[in-house]
Amino acid sequence: MAFICDNIGVDNEGVLTFAGQNTVRLAEKYGTPLMLLDECKIREKCRIYVEAFRKYFPEGSFPLYASKANSFKQIYRIMTETCMGIDVVSGGEIYTAAQAGFDLKKAYFHSNNKTDDEIGFAMDHGVGYFVADHKSELIEIQKQAESRGIFQNVLLRLTPGIDPHTYEEVVTGMIDSKFGTAIETGQADEIVEFALTLKNVRLKGFHCHVGSQVFAEDVFERAAVVMLGFCASMSRKFGYEAQELDLGGGFGVPYTINDSTLDIEEKIKSISETVYRTCEEEGIKPPVIHMEPGRSIVADAGMTLYTVGSVKHITGYRNYVSVDGGMTDNPRYALYKSRYTCYIANRMNEVKDMKCSLVGRCCESGDIVQPDIMLPGNTVKGDIAAVCTTGAYNYSMASNYNRVCRPAIVMLRDGDSYVAVRRETYEDICACDI
Ligand code: LLP
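Position one of the sequence shown corresponds to residue 140 (this note's numbering), numbered consecutively onward.
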């Protein structure tokens, strides 16, 4: 049997394994719905990124984990141990990282609309870098840095106008975008000129992020060319030399066996060749490079386990297999029609002869985990359904819709398992209610 990731397998009894562990036994031990995360896989990905950055990019370059992909205390501890920086987008992510003891000097604070309170909160927590989105944010950073008597490192988020050829909801680097400032319209020049006048703002360089789940050839290389061209033009125009360039995240991952796979090291090597070549052509010193992978660090480290409730056959129409989670722990099909690979974990050697939709337990027809998949025809209540590649943008986008409790996150490490985030309780659900 071929699997989308090398941490998935089947044991002698025909049971699905993940990171070498029996998934049915994990479901029995921790209950369902359950988010499993293969810690060794996460560490392996971090190591690949960190080593490739050291090998191929200018000295001082390091990758940042885009923690919006999956944010909880233990993941920030792993990022500390693997020498990653982090990308944070809210006071909540900053707080979580701080609680985990992450050194926030290696944190880059994004968002197109940081509140004034969050700006102050980030400064008070010593967040190393702000990725400023627009002019009024710069004004606020200047004001708050001055009042604290500090100098704040800042990158400016720019839109290079590159189409990443992915789904519309995750495109961010085009000119018509709520994010950043456009290069093409000349507004980027204006914001650089303005930033250089601010006494407490240390303009370190520029940032762009073209989109997510990107496979298309050359997208990152083309973004690098545009951004470095912009750096060169700022050097000619204002004598300003950018020390850092952050090329964002977005490397795609396979969700089904037909999707392509991206070789991270090869991709970084290719981007680095473009960076050095372009810097030479433009006559500028190669800046320190950062990138912000999120999905490609955690997606295939994740698997969700559910217990099957009802199996419904609507004669002449469709079969429905309902599970005890759904859009509350994985809203990605509802939002983006995202594809997933699904199994019945205790029936891996049985023939998949039932076309059905795997659906959630919410009061909403759109609560579909995956439509039109093939599962064994003898699937019954009590079976364990498994959805692969759920490590990114599942738990972090989970909700309490219908007052459903969020699942637990269990980490798998070297044949062992431990709870990293406990399952929510009904008391948690009411915790904020007066
Ligand atoms: N940097 C910035 C500025 C970003 O906006 C993002 C993702 C990343 C880095 C990380 O991109 P990644 O390497 O994970 O592709 N909820 C959507 C994905 C939204 C991505 C938002 N920004 C999904 O479930 O597909």
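The beta-carbon is built from N, C-alpha and C at its ideal position, and this holds for glycine as well.
Residue i bridges to which residues according to DSSP?
{"i": "Cys179", "result": "According to DSSP, Cys179 bridges with nothing at all."}
{"i": "Val331", "result": "Note: Val331 sits in no beta bridge, so no partner."}
{"i": "Asn161", "result": "Thr156"}
{"i": "Asp226", "result": "Ala205 and Tyr247"}
{"i": "Glu383", "result": "Gly344 and Val427"}
{"i": "Ala284", "result": "In DSSP, Ala284 forms no bridge with anything."}
{"i": "Asp555", "result": "Arg552"}
{"i": "Ile396", "result": "DSSP lists no partner for Ile396."}
If you draw a straight line from the C-alpha of residue i to the C-alpha of residue j, how long is it?
{"i": "Gln281", "j": "His264", "result": "17 Å"}
{"i": "Leu176", "j": "Thr413", "result": "34 Å"}
{"i": "Gly231", "j": "Phe260", "result": "10 Å"}
{"i": "Val498", "j": "Val149", "result": "24 Å"}
{"i": "Phe345", "j": "Arg561", "result": "39 Å"}
{"i": "Met174", "j": "Asp255", "result": "35 Å"}
{"i": "Phe201", "j": "Asp567", "result": "38 Å"}
{"i": "Asp92", "j": "Tyr475", "result": "Since the first residue of the chain shown is 140 and the last is 573, residue 92 is not available in this structure."}
{"i": "Ala239", "j": "Ser250", "result": "21 Å"}
{"i": "Thr443", "j": "Gln509", "result": "13 Å"}
{"i": "His273", "j": "Val365", "result": "19 Å"}
{"i": "Ser286", "j": "Pro299", "result": "33 Å"}
{"i": "Asp468", "j": "Glu332", "result": "45 Å"}
{"i": "Ser409", "j": "Glu356", "result": "11 Å"}
{"i": "Ala473", "j": "Ile187", "result": "32 Å"}
{"i": "Thr336", "j": "Arg296", "result": "17 Å"}
{"i": "Asn533", "j": "Asn151", "result": "30 Å"}
{"i": "Gly199", "j": "Ser229", "result": "26 Å"}
{"i": "Leu243", "j": "Asp492", "result": "52 Å"}
{"i": "Pro303", "j": "Phe390", "result": "11 Å"}
{"i": "Val227", "j": "Tyr247", "result": "6 Å"}
{"i": "Asp511", "j": "Val549", "result": "29 Å"}
{"i": "Arg574", "j": "His429", "result": "Past the edges of the chain, shown from 140 to 573, lies residue 574, and the structure says nothing about it."}
{"i": "Phe192", "j": "Ala570", "result": "43 Å"}
{"i": "Leu165", "j": "Asn488", "result": "19 Å"}
{"i": "Lys576", "j": "Asn539", "result": "The chain is shown only over 140 to 573; residue 576 falls outside these bounds and no answer can be derived."}
{"i": "Asn146", "j": "Thr400", "result": "15 Å"}
{"i": "Ile258", "j": "Thr235", "result": "16 Å"}
{"i": "Ile453", "j": "Arg434", "result": "37 Å"}
{"i": "Tyr482", "j": "Asp463", "result": "15 Å"}
{"i": "Ala537", "j": "Glu420", "result": "46 Å"}
Our contact map puts residue i next to residue j with C-beta atoms below 8 Å; I'd like the distance itself, whole angstroms only.
{"i": "Thr324", "j": "His348", "result": "18 Å between Cβ atoms; not a contact."}
{"i": "Cys185", "j": "Met223", "result": "5 Å"}
{"i": "Ser411", "j": "Tyr459", "result": "That belief does not hold up - the Cβ atoms of Ser411 and Tyr459 are roughly 49 Å apart, past 8 Å."}
{"i": "Met218", "j": "Phe241", "result": "7 Å"}
{"i": "Thr156", "j": "Thr162", "result": "6 Å"}
Which same chain residues end up closer than 8 Å to residue i when comparing Cβ atoms and leaving out the 5 residues on each side of it in sequence?
{"i": "Thr395", "result": "Ile143, Arg478, Tyr479 and Thr480"}
{"i": "Val519", "result": "Val447 and Val450"}
{"i": "Lys168", "result": "Ser556"}
{"i": "Gly153", "result": "Asn485, Arg486, Met487, Asn488 and Glu489"}
Closer than 7 Å by C-beta to residue i: which residues in its own chain qualify, once you throw out the five before and the five after it? Chain order, please.
{"i": "Gly530", "result": "Leu176, Asn209, Val437, Ala438, Asp439, Ala440 and Gly441"}
{"i": "Ser374", "result": "Glu380 and Ile423"}
{"i": "Pro425", "result": "Pro197, Val414, Tyr415 and Cys418"}
{"i": "Ile301", "result": "Gly312, Val349, Val358, Arg361, Ala362 and Val365"}
{"i": "Met140", "result": "Val149"}
{"i": "Glu276", "result": "Lys253"}
Does chain D have any CB closer than 8 Å to the CB of residue i?
{"i": "Tyr459", "result": "Here there is only one protein chain, and chain D is not present."}
Does the beta carbon of residue i fall short of 7 Å from some heavy atom of the ligand NAD?
{"i": "Gln509", "result": "The ligand NAD is not among the ligands present in this structure, which contains only the ligand LLP."}
Starting from the C-beta of residue i, find all residues in its chain whose C-beta is less than 6 Å away, skip the five residues before and the five after it, and write them out in chain order.
{"i": "Lys343", "result": "Asn292, Leu294, Gln382 and Glu383"}
{"i": "Arg486", "result": "Pro515"}
{"i": "Met466", "result": "Ala473, Gly499, Cys501 and Asp506"}
{"i": "Ala327", "result": "Leu297 and Thr320"}
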